[in-house]
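Asks:
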Amino acid sequence: MHEKLTQILASYSGQRGALVPVLQKVQEALGYLPAEAISEIALFLRLSESEVYGVATFYAQFRFERQGEHSVRVCQGTACHVRGSRRILEAVQRELGIQPGETSEDYKFSLERVACFGSCALAPVMVVDKTVYGRMSITKARKTLDEYR
Amino acid sequence: MTFGEIHKQAILEWEALQNSEKPRIFVGTATCGRAAGAMAVLEAIDKELSRRNIDAIITQVGCIGLCYAEPLVDIIKANRPRICYGGVSPEIIPQLIEDYIISDNPRPDMALGTIGEYSIDGLPKLFELPMLRPQVRISLRNCGLIDPEDIKQYVANGGYSGLAKALRMSPEEVIEEIKKSGLRGRGGAGFPTGQKWEFCRRSPGKEKYLICNADEGDPGAFMDRSLLESDPHAVLEGMLIGAYAIGATQGYIYCRAEYPLAIERLKMALKQMAEYRLLGDNMLGSGFSFQIEMKEGAGAFVCGEETALMMSIEGKRGMPRSRPPFPAVSGLWGKPTNINNVETWANVSAILQRGGDWYASFGTEKSKGTKTFALAGKIVRTGLIEVPMGISLGDIIYEIGGGIVGGKRFKSVLTGGPSGGCLPASMLDLPVDYESLTQAGSIMGSGGMVVADEDTCMVDLARYFLSFTQAESCGKCVPCRVGTRHMLNILERITQGEGQSRDIERLERLAQVVKSTALCGLGQTAPNPVLTTIRYFRDEYETHINERRCPALACTALISYYILPDKCEGCGICLRDCPVSAISGGKRMVHVIDQSQCTKCGTCLDVCPDRFSAVVKVSGGTLTVPTEPTPVTKSKGDNRASA
Numbered sequence: 001m002h003e004k005l006t007q008i009l010a011s012y013s014g015q016r017g018a019l020v021p022v023l024q025k026v027q028e029a030l031g032y033l034p035a036e037a038i039s040e041i042a043l044f045l046r047l048s049e050s051e052v053y054g055v056a057t058f059y060a061q062f063r064f065e066r067q068g069e070h071s072v073r074v075c076q077g078t079a080c081h082v083r084g085s086r087r088i089l090e091a092v093q094r095e096l097g098i099q100p101g102e103t104s105e106d107y108k109f110s111l112e113r114v115a116c117f118g119s120c121a122l123a124p125v126m127v128v129d130k131t132v133y134g135r136m137s138i139t140k141a142r143k144t145l146d147e148y149r
Numbered sequence: 001m002t003f004g005e006i007h008k009q010a011i012l013e014w015e016a017l018q019n020s021e022k023p024r025i026f027v028g029t030a031t032c033g034r035a036a037g038a039m040a041v042l043e044a045i046d047k048e049l050s051r052r053n054i055d056a057i058i059t060q061v062g063c064i065g066l067c068y069a070e071p072l073v074d075i076i077k078a079n080r081p082r083i084c085y086g087g088v089s090p091e092i093i094p095q096l097i098e099d100y101i102i103s104d105n106p107r108p109d110m111a112l113g114t115i116g117e118y119s120i121d122g123l124p125k126l127f128e129l130p131m132l133r134p135q136v137r138i139s140l141r142n143c144g145l146i147d148p149e150d151i152k153q154y155v156a157n158g159g160y161s162g163l164a165k166a167l168r169m170s171p172e173e174v175i176e177e178i179k180k181s182g183l184r185g186r187g188g189a190g191f192p193t194g195q196k197w198e199f200c201r202r203s204p205g206k207e208k209y210l211i212c213n214a215d216e217g218d219p220g221a222f223m224d225r226s227l228l229e230s231d232p233h234a235v236l237e238g239m240l241i242g243a244y245a246i247g248a249t250q251g252y253i254y255c256r257a258e259y260p261l262a263i264e265r266l267k268m269a270l271k272q273m274a275e276y277r278l279l280g281d282n283m284l285g286s287g288f289s290f291q292i293e294m295k296e297g298a299g300a301f302v303c304g305e306e307t308a309l310m311m312s313i314e315g316k317r318g319m320p321r322s323r324p325p326f327p328a329v330s331g332l333w334g335k336p337t338n339i340n341n342v343e344t345w346a347n348v349s350a351i352l353q354r355g356g357d358w359y360a361s362f363g364t365e366k367s368k369g370t371k372t373f374a375l376a377g378k379i380v381r382t383g384l385i386e387v388p389m390g391i392s393l394g395d396i397i398y399e400i401g402g403g404i405v406g407g408k409r410f411k412s413v414l415t416g417g418p419s420g421g422c423l424p425a426s427m428l429d430l431p432v433d434y435e436s437l438t439q440a441g442s443i444m445g446s447g448g449m450v451v452a453d454e455d456t457c458m459v460d461l462a463r464y465f466l467s468f469t470q471a472e473s474c475g476k477c478v479p480c481r482v483g484t485r486h487m488l489n490i491l492e493r494i495t496q497g498e499g500q501s502r503d504i505e506r507l508e509r510l511a512q513v514v515k516s517t518a519l520c521g522l523g524q525t526a527p528n529p530v531l532t533t534i535r536y537f538r539d540e541y542e543t544h545i546n547e548r549r550c551p552a553l554a555c556t557a558l559i560s561y562y563i564l565p566d567k568c569e570g571c572g573i574c575l576r577d578c579p580v581s582a583i584s585g586g587k588r589m590v591h592v593i594d595q596s597q598c599t600k601c602g603t604c605l606d607v608c609p610d611r612f613s614a615v616v617k618v619s620g621g622t623l624t625v626p627t628e629p630t631p632v633t634k635s636k637g638d639n640r641a642s643a
């Protein structure tokens with residue numbers, strides 16, 4: 001991990017406003033932001049760890065625990081809400097046995113609720129990893145998840 | 001290369017493409033197309049063409065806005081107009097290629113229409129369809145038509161001629177031109193763009209910044225995503241023009257991380273601009289230098305607010321600050337900064353290309369030009385549209401959008417997202433312009449338009465919006481942090497059937513306080529959905545509070561599901577699908593829902609076959625049905641006979 005971090009950090013040397021992009025890059029490489037990474041980032045950017053945590057916890061994107069192999073995100077935007085996304089989310093919760101913000105015990109899936117991917121015309125929408133699935137129903141959501149098991 | 005040379009080369013290539021003898025196939029692969037399965041369609045096309053050894057040109061285009069008909073595929077054969085096919089699946093690709101490309105049968109049954117000058121008998125013109133005819137496409141001018149990943153296609157269609165023109169004018173003249181166009185900020189607030197630029201230009205200081213706000217956080221809005229994915233250069237050209245007018249040296253695009261394709265296309269576009277010296281030092285030999293950097297948001301709705309956005313670019317928590325000083329005086333890194341939204345920039349490039357007077361010829365007296373809207377919710381034709389200001393809400397929903405899904409009754413249209421309001425049927429004649437929408441208690445907003453029908457509960461919708469703004473409140477000021485929380489608590493208890501007699505008045509009072517005292521736009525507008533739903537749908541609040549009933553049958557705590565004994569034939573589908581095993585029954589037995597087990601997910605209602613329609617949803621009171629399964633008394637098929 002240390003080597004990966006050094007490599008990422010080096011490209012931001014002397015750049016102002018680098019904290020958010022650094023956190024993004026580190027999370028991309030490690031899947032989440034472990035405590036050791038936060039310490040190293042703080043040291044490199046000459047910030048206190050609490051400052052780094054302050055910024056990282058402000059934004060919804062950052063994770064502080066190991067994530068599942070697949071990220072399942074169920075959209076709860078307005079168009080999705082009006083088209084019944086709450087029921088889709090409930091079905092996915094039942095199917096995976098986890099609540100939003102949690103990761104399954106086998107580290108296969110992490111579940112999140114997100115407000116809007118901007119694919120509102122195809123609401124309700126679910127996103128698994130980087131693939132957007134539109135026009136969801138409870139049955140379609142179950143079938144989609146099966147493809148990733 | 002001079003711009004003249006770039007332009008000449010782009011035109012030559014474009015014309016060669018138009019005159020190509022090879023068939024050309026276009027697949028709409030913006031995010032919405034992909035969500036509907038466009039990548040599988042693309043793959044099927046590739047496979048079929050190589051199987052048949054057909055030499056064709058395949059182009060991935062953005063979104064023309066007919067999202068309801070995704071995935072979309074267009075085909076051009078030599079000397080024929082472009083035909084747009086909707087609802088294409090990978091399975092029908094071999095047949096379509098066989099029929100049209102090989103046998104010359106344009107398959108009118110699958111075609112939506114033709115694009116371009118010429119027509120084909122039996123096919124409508126695409127832009128004459130009800131969804132497209134009322135539209136005036138200025139910022140969306142190229143969307144779905146050109147390859148967003150090829151700068152030359154943009155240039156061949158008039159692109160960067162606005163910049164070339166601006167560079168021949170003085171910065172003051174450019175600002176005058178924008179003022180003449182009457183353009184107002186399309187992010188929602190509607191501040192006159194020319195005036196904003198002038199403030200920033202006049203601010204002392206050599207170092208100035210320019211920002212494109214692409215942090216489209218309103219749930220239910222996707223105008224910016226679609227535009228950036230479909231025609232990034234239209235936005236970037238606008239930024240260059242703005243930078244020249246203001247005297248900015250460095251630009252930023254702040255785009256939300258939830259839009260990976262938009263970010264990818266922007267990065268590609270920036271690279272191509274640099275290759276053509278449309279970015280960097282001494283742009284097109286004019287002496288003007290400008291750089292643009294991409295910044296990805298990290299998931300915070302409040303960062304759409306300009307001062308919060310700048311904090312975020314600086315690598316801090318994205319919390320807004322009070323104004324003044326305005327960004328034009330002290331913005332990013334304390335320097336004069338001008339910030340406009342994606343759609344505004346795309347209009348700027350069109351205005352310089354075609355003139356301020358031309359732009360001002362569209363729209364109303366105070367709201368000039370056009371506005372894009374993302375149509376979603378319970379509407380037949382969902383999609384992205386651009387209409388002249390002043391068009392009525394009714395025309396948008398019924399003429400363009402085709403009315404309500406399933407013939408249901410229209411209840412409300414939500415404009416402006418969580419900052420906007422819910423307008424009722426009586427407001428359908430309202431013209432869409434900044435002033436009229438504000439007067440009605442809503443706002444123009446960035447262009448999200450979500451339609452609700454009779455099955456949507458307006459109290460629940462207000463609760464939904466508040467839960468969103470409450471979760472996104474940055475917590476800096478008390479009215480927003482505590483006020484929205486308290487409003488949400490009240491809305492939650494109302495939707496759970498625990499509303500108190502003076503709750504409506506409490507909500508109104510709190511709303512007024514939050515509106516007038518919150519620090520930034522997020523808090524100041526958060527009460528709008530609550531206030532408009534109380535103003536236009538007060539009876540729904542009263543029914544929830546006084547009768548403990550949800551008239552739309554939407555609030556989970558206030559509804560129950562029952563199986564009607566005179567309709568159920570004991571088919572067992574609901575029993576099989578009930579996720580919590582709350583249904584008991586057996587072959588030829590009337591099924592029964594155990595109310596204490598039921599989580600009210602509604603699966604039984606969904607899966608009960610239409611010919612039985614045995615499951616009902618009720619609110620307020622209970623139905624008297626057997627508590628244990630009883631034998632089916634009616635003879636099999638009774639329902640079919642009566643239906």
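Chains as they are written, first to last, in this note's numbering: chain A, 1 to 149; chain B, 1 to 643. By construction, the Cβ of each residue, glycine as well, lies at the ideal position given by its N, Cα and C atoms.
(1) Report the three-state DSSP secondary structure of B:ILE253 (helix, strand or coil).
(2) Taking 9 Å as the threshold (C-beta atoms), are B:LEU605 and B:SER560 in contact?
(3) What whole-angstrom Cβ distance do B:GLY251 and B:PHE290 have, given they're in contact under 8 Å?
(4) I'd like to confirm the pairing. Which residues does DSSP put opposite B:LEU210 in its beta bridges?
(5) By DSSP's criteria, B:PRO388 is part of a beta bridge. Which residues make up the other side?
(6) Whose CA, out of A:LEU43, A:ALA42 and A:VAL72, lies closest to the CA of A:LYS108?
(7) Could you compute how far the alpha carbon of B:VAL41 sits from the alpha carbon of B:GLY87?
(8) Using beta carbons (cut-off 9 Å, strictly below), is A:GLN24 in contact with chain E?
(9) Name, please, each residue of chain B whose Cβ falls closer than 7 Å to the Cβ of A:ARG94.
(10) Would you mind giving the Cβ-Cβ distance between B:ILE397 and B:LEU428, rounded to the nearest angstrom? I have them listed as a contact below 8 Å.
(11) Looking only at its own chain, which residues have a Cβ that is under 6 Å from the Cβ of A:VAL55, when we skip the five neighbours before and after it?
(12) Tell me the residue span of the beta strand (DSSP E) that contains A:SER137.
(13) Would you be able to state if there are at least three C-beta pairs under 8 Å between the segment 259-276 of chain B and the segment 193-205 of chain B?
(14) Counting along the chain, where does the beta strand (DSSP E) carrying B:SER181 start and finish?
(15) Answer yes or no: do A:PHE58 and B:ARG317 have a C-beta to C-beta separation smaller than 9 Å?
(16) Note down, in chain order, each residue of its chain lying with its Cβ closer than 7 Å to the Cβ of B:ARG201, except the 5 sequence neighbours on either side.
(17) Given that B:LEU414 touches chain A, what residues does it touch there, using C-beta distances under 8 Å?
(18) What does the alpha-carbon distance come out to for the pair B:ILE379 and B:ILE404?
(19) Would the beta-carbon of B:ALA30 fall within 9 Å of that of B:GLY4?
(20) For B:ILE404, does the three-state DSSP call read helix, strand or coil?
(21) Any idea if B:SER596 is buried or exposed, counting beta-carbon neighbours within 10 angstroms, 16 or more meaning buried?
(22) Buried or exposed: which applies to B:ILE115, given that a residue is buried once 16 or more other Cβ atoms fall within 10 Å of its Cβ?
(23) Residues in its own chain within less than 8 Å of B:THR603 by CB, not counting five upstream and five downstream?
(24) Let me know if B:ALA526 comes out buried or exposed under the rule of 16 or more other beta-carbons within 10 Å of its beta-carbon.
(25) B:ARG409 CB to nearest chain A CB: under 9 Å?
(26) Compare the C-beta of B:MET458 with all C-beta atoms of chain A and state if any pair is closer than 9 Å.
(27) Which partner residues of B:ILE241 appear in the DSSP bridge assignment?
(28) Is there a Cβ from chain A that is less than 9 Å from the Cβ of B:TYR209?
(29) From the DSSP output, read off the bridge partner residues of B:ARG184.
(30) Could you check the C-alpha separation between B:ILE237 and A:GLY68 for me, to the nearest Å?
(31) Quick one: list the residues of chain A neighbouring B:VAL450, beta-carbon separation under 8 Å, in chain order.
(32) Okay, do the segment 63-72 of chain B and the segment 8-20 of chain B touch, 3+ Cβ pairs below 8 Å being the bar?
(33) Give a yes or no on whether the minimum CB-CB distance between A:VAL55 and chain B is below 9 Å.
(34) Tell me the DSSP secondary structure of B:PRO325 in three-state form.
Replies: Taking the coordinates as given:
(1) strand
(2) no
(3) 6 Å
(4) B:GLY251 and B:ASN338
(5) B:THR370
(6) A:VAL72
(7) 10 Å
(8) No chain E is part of this structure, whose protein chains are labelled A and B.
(9) PRO579
(10) 7 Å
(11) LEU19
(12) Element bounds for A:SER137: n/a, residue is neither H nor E.
(13) no
(14) From DSSP, B:SER181 is part of no beta strand (DSSP E) but of the alpha helix (DSSP H) over 171-181.
(15) yes
(16) The beta carbon of B:ARG201 sits closer than 7 Å to those of PRO171, ILE175, ALA245, ILE246 and GLY247, all from its chain and outside the five residues before and after it, given in chain order.
(17) THR78
(18) Cα atoms of B:ILE379 and B:ILE404: separation of roughly 5 Å, rounded to the nearest angstrom.
(19) no
(20) Strand, per DSSP.
(21) exposed
(22) So B:ILE115 ends up on the buried side.
(23) CYS574, ASP577, CYS578 and PRO579
(24) buried
(25) no
(26) no
(27) As computed with DSSP, B:ILE241 is found in no beta bridge at all.
(28) Chain A has no Cβ within less than 9 Å of the Cβ of B:TYR209.
(29) B:PRO192
(30) First, the amino acid is wrong: residue 237 of chain B is Glu here, not Ile. Those two C-alpha atoms are separated by around 41 Å.
(31) THR78, ALA79, VAL82 and CYS120
(32) no
(33) yes
(34) In this structure, DSSP gives B:PRO325 a state outside helix and strand, which the three-state scheme calls coil.
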